[in-house]
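Report on one structure; see the data block that follows.
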Amino acid sequence: MKGLYVHIPFCEHICFYCDFAKRVPKDAHMIDEYLDYLIQEINSYQKHFKSIETIYIGGGTPSMLNLEQTEKLLKHLLSIHPVEYTIEVNPESYTKEKGLLYKTYGINRISLGVQTFNQEILNQLNRKHKNQQVYDTIHHLKDIGIDNINIDLIYALPNQNLIDLDFDLKHIKELNPTHISAYSLILEEKTVFYHEYLKGNFSVMDEDIEAQMYQKIIKELKAMGYQHYEISNFTKPGYQSKHNLIYWSLGEYIGVGVGAHGYIDGYRMQNHRLLKDYYQNFQLEKVLQTKEMNLQDALIFGLRKIGGIDIQSLEKQYEFNLLDRFPKIQEKMDQGLVSYQSGILKLTEKGIFLGNQVFMVFI
Ligand code: SF4
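In the numbering used here, the protein residues as written are 768 to 1130.
In structure tokens:
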């Protein structure tokens, strides 16, 4: 399995928590110019097209491209025939025409940026959509036959409480998407929230309440028939994100566009984050991964999967012994954070909440 990630770095507004590679475009020409460079970069990977099985167009806000711009991009991906083809959509920039265009070009999965259904909190995040737009987008997508839909949620938001979370989960139950990604809010540098935090106007949520929220999400989504398959991801049976599984299983993927990352032929690649640098030379760095680096990634990414890691085959592949190489893992087993049974190493129910303490063992 090989994946292709395509980054569209433009947004209509900047959310106060966001540290992705993004900007508000000056005008339509700025987007057109970017697409020209992006398509050049896509074409430079033509020899890999046959082996690409997933495409993920993310951002930024890919759905803010107009019809012409969207078609220009999708046309250049036509000779790839992925089994899973995702585009990220923000509800306020979705139109029926765009949905039909996605469908025409083979897109079969939508990742919808919802974050919360509480309008007041959405305003505090500087997100601009209304709940009705979420409902209209999902209904239209289902009408045209795109029914594999992920909803992105964020919890531990400023001023959010467990009742607000209940409200979000009630809407999830009603909309019944195939997949949910639920991440807690992380205070990142270079964000509006971080500046507010430095001024004393923003406080990070209490860890216990955050843990209660996570616990509630797991419990209620499971009751709705979702499988918890990665620390922050939940799926209806058969709808796991194939593209994300490539990342978590140390598979190969190409990343194109500003700030994009890739992992091909043993090299990790990263593109420039600024448009002017990207236009000079797409790539910022290309680093050959040592066996040690790959082992560390395989353990950390692998443990994010709730099913855990087959240590016996990993030990064979990397010629190591888990307990000899990482003796501190025994301590985490004794603390009940990780279990090692029948050759499978995985986080326990308790460990899922404290994954970072386990991951530290491998760093
Ligand atoms: S969260 Fe998404 S929509 Fe908001 S600024 Fe970041 S990339 Fe843009």
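Ideal Cβ placement from N, Cα and C applies to all residues, glycine included.
Taking the alpha carbon of S818 as the point to measure from, which residue in L840, L844 and M768 has its own alpha carbon closest?
Position 51 of the sequence shown, counted from the start, is the residue given in the question as residue 818. That would be M768, whose Cα lies nearest to the Cα of S818.
Indicate whether G770 and H1039 have their beta-carbon atoms separated by less than 8 Å.
Numbered from 1 along the sequence shown, position 3 holds the residue referred to as residue 770. Numbered from 1 along the sequence shown, position 272 holds the residue referred to as residue 1039. No, the pair does not count as a contact, with Cβ atoms beyond the cut-off.
Would you identify the three-state DSSP class for T1115, choosing helix, strand or coil?
Sequence index remark: in the sequence shown, residue 1115 carries index 348 (1-based). Coil at T1115, not helix or strand.
Leaving out five residues before and five after V1105 in sequence, what residues of the same chain have Cβ atoms less than 8 Å from its Cβ?
On the sequence shown, residue 1105 is found 338 positions in, with the first residue counted as 1. Counting only Cβ-Cβ distances below 8 Å, and skipping sequence neighbours, we find L1070, I1096, K1099, L1112, K1113, L1114, T1115, G1118 and V1125.
Under 7 Å from any heavy atom of ligand 1, does the C-beta of G1026 make it?
Working through the sequence shown from its first residue, we reach residue 1026 at position 259. Because no heavy atom of ligand 1 lies under 7 Å away, the Cβ of G1026 does not count as near it: no.
Counted within 10 angstroms of its Cβ, other Cβ atoms place H725 as buried (16 or more) or exposed:
For residue 725 there is no data in the structure shown, the boundaries of the chain being 768 and 1130.
With a CB to CB cut of under 7 Å and the five nearest residues on each side skipped, what residues in its chain are close to I798?
Working through the sequence shown from its first residue, we reach residue 798 at position 31. Once the five neighbours on either side are set aside, the close Cβ partners of I798 are F777, P792, L832 and Q836.
One or two residues paired with F777 in a DSSP bridge
Within the sequence shown, numbered from 1, the residue matching residue 777 stands at position 10. Beta-bridge pairing links F777 to R790.
Would Y996 pass as a contact of Q1007 if the rule is Cβ separation under 8 Å?
On the sequence shown, residue 996 is found 229 positions in, with the first residue counted as 1. On the sequence shown, residue 1007 is found 240 positions in, with the first residue counted as 1. Yes, the pair counts as a contact, with Cβ atoms nearer than the cut-off.
Quick one, what's near ligand 1 if you take every residue whose CB is closer than 6 Å to any heavy atom, in chain order?
C778, I781, C782, C785, F787, K789, G826, G827, T828, N857 and G880
Only counting the same chain, and skipping five residues up and downstream in sequence, which positions put a Cβ closer than 8 Å to that of I913?
Counting from one through the sequence shown, the residue named residue 913 turns up at place 146. Excluding residues within five positions, the ones whose Cβ falls inside 8 Å are G866, Y869, K870, I874, N875, R876 and I877.
Counting Cβ pairs closer than 8 Å, one from the region 819-829 and one from the region 800-808, do we hit at least three?
no
Going residue by residue through the region 971-1045, where are the continuous alpha helix (DSSP H) segments of at least 4 residues, counting only ones entirely within it?
974-990 and 1009-1015
Can you look up H946 in the DSSP assignment and give me helix, strand or coil?
One-based indexing of the sequence shown puts residue 946 at position 179. Looking at H946 - three-state DSSP - the assignment turns out to be strand.
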